[in-house]
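K.L.:
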Amino acid sequence: MGAHRQPGPDDPTAGAMAGKTRFDDIYDRPDPRAYFRRLAPYDYEIPHHAQGVFRRTLADRRGAAPPGPDGDPTVLDLCCSYGLNAALLNHDLTLADLYAHYAGEATTDLTTSELVDLDKEFYAARRRPDAVRLVGVDTAANATAYALAVGLLDEAYAENLEHVPPSPGLARAMAGVGLITVTGGIGYVTHRTFDALLGAARLPLWVDAFVLRTVPYDRIARSLAAHGLVTTTDPDRLYPQRLFTGPEEQDDAVARVRAAGDDTTGLESAGRYYTRLYASRPGAADPRPGARRGPSSGRIVD
């Protein structure tokens, strides 16, 4: 998750985030300790579920397009914040390990500079041999700077692609990107951000996005389709995100999910946000008007 503007009134996601508690004060600190300590009581867990999914996606992409002379394609983590997804993808760590590290007593009294020095060693000692090159994009300059400083990101760009095109540096980085991941930003970023990124892509691009059931994804899926990607989702496979902060947030989420035609029993009605995984892959268009063809399992997003 990162700090992003609310969508404009012409976006289908407009208002979708209005009832969701904002944690803007923790997204752009010099280091992630406040982030983990604030979210721990709400059992924020979606990066844990994404860890295995993203690793399997990378394995599948290697099978579909073996690494070239420059190695594996780069992963771009959108709304990367302090580099959580990078930490879990490229290191032998769990989300519970990160909570213990940043919310525990051992790091409480350190300065940010001391924590950066500690984290350089912490992550280097746990680096996986199959680690991939990782680029992070987020509007939170302090958070991306931290992730870059401790070695979680190879490149970091604090840019708001809802308003401006990619910088020359980000455009160059996109030329090597083969997978875009996002776990907490859909609803704060829209199709504009994806259009900006895909416009600079040069490799066959895959996208994995975890999206709250309160937020529509259709407009983004249409933009991805315009760039040759077919988006599918398994409507029955859901991933918990976090506990609600209170009854008002829960009531808003339940109302939005029901308005979308989905059942909230045992899910949002039981006290948590839930997400779906939307997977976008290069694919051919279905000849029928308005239709797209994808894998045999999962619903195609129109």
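First residue of the sequence shown: 2, per the numbering used here; consecutive thereafter.
We put the CB at the ideal spot given by N, CA and C, even for glycine.
What you are looking at is a predicted structure, and each value in this text was computed from that prediction instead of being measured.
#1: Between residue 238 and residue 177, what straight-line distance do the alpha-carbon atoms span, to the nearest angstrom?
#2: Could you have a look at residue 302 and say whether DSSP puts it in helix, strand or coil?
#3: So, does the region 108 to 124 touch the region 45 to 57, judging by three or more C-beta pairs under 8 angstroms?
#4: CB residue 124 to CB residue 37, shorter than 9 angstroms?
#5: Bridge partners of residue 275, per DSSP?
#6: Count the other C-beta atoms from every protein chain shown that fall within 10 angstroms of the C-beta of residue 127, then say buried if there are 16 or more, exposed otherwise.
#7: On the premise that residue 170 lies in contact with residue 84, defined as a C-beta separation below 8 angstroms, what is that separation, rounded to the nearest angstrom?
#8: If you count every other CB in all the chains shown that lies within 10 Å of the CB of residue 216, and 16 or more means buried, which is it?
#9: Quick check for students: name the residue ranges of the alpha helix (DSSP H) that lie wholly in the region 178 to 216, counting only runs of 4 or more.
#10: Indicate the three-state DSSP secondary structure (helix, strand or coil) for residue 77 in the structure shown.
#11: How would you call residue 130, buried or exposed, if buried means at least 16 neighbouring beta carbons within 10 angstroms?
#12: Between which two residues does the beta strand (DSSP E) harbouring residue 157 extend?
#13: Would you identify the three-state DSSP class for residue 89, choosing helix, strand or coil?
#14: Given a cut-off of 9 angstroms on the beta-carbon distance, is the pair residue 199 and residue 228 in contact?
#15: For residue 185, which option in 277, 159, 302, 226 has the closest C-alpha, if you only look at C-alpha atoms?
#16: Tell me where the alpha helix (DSSP H) around residue 255 begins and ends.
#17: Please report the residue range of the alpha helix (DSSP H) in which residue 54 lies.
#18: With H, G and I counted as helix, E and B as strand and the rest as coil, what does DSSP make of residue 235?
#19: Let me know the secondary structure DSSP gives residue 23 once reduced to three states.
#20: Which full runs of the alpha helix (DSSP H) of 4+ residues lie inside the region 80 to 153, going along the chain?
#21: Whole angstroms is fine: what's the gap from residue 30's alpha carbon to residue 259's?
#22: Starting from the C-beta of residue 269, find all residues in its chain whose C-beta is less than 6 angstroms away, skip the five residues before and the five after it, and write them out in chain order.
#23: Measuring CB to CB, does residue 153 end up less than 9 angstroms from residue 190?
#24: Between the region 37 to 52 and the region 88 to 107, do three or more beta carbon pairs fall short of 8 angstroms?
P.N.:
In short, the structure shows the following:
#1: 31 angstroms
#2: coil
#3: no
#4: no
#5: 241
#6: exposed
#7: Contact doesn't hold; Cβ gap of about 18 angstroms is too wide.
#8: Counting of Cβ neighbours within 10 angstroms places residue 216 among the buried residues, the total reaching 16 or more.
#9: 192 to 199
#10: strand
#11: exposed
#12: 156 to 158
#13: helix
#14: It is a contact, given that the beta carbons lie within the stated cut-off.
#15: Checked all of 277, 159, 302, 226; the closest Cα to residue 185 is 277.
#16: First-last of the alpha helix (DSSP H) with residue 255: 248 to 260.
#17: 47 to 65
#18: Residue state, collapsed to three classes: strand.
#19: coil
#20: Assignment of alpha helix (DSSP H) within the region 80 to 153, counting only whole runs of 4 or more residues, yields 85 to 91, 96 to 104, 113 to 125, 142 to 150 in chain order.
#21: 36 angstroms
#22: 254, 255, 258
#23: no
#24: yes
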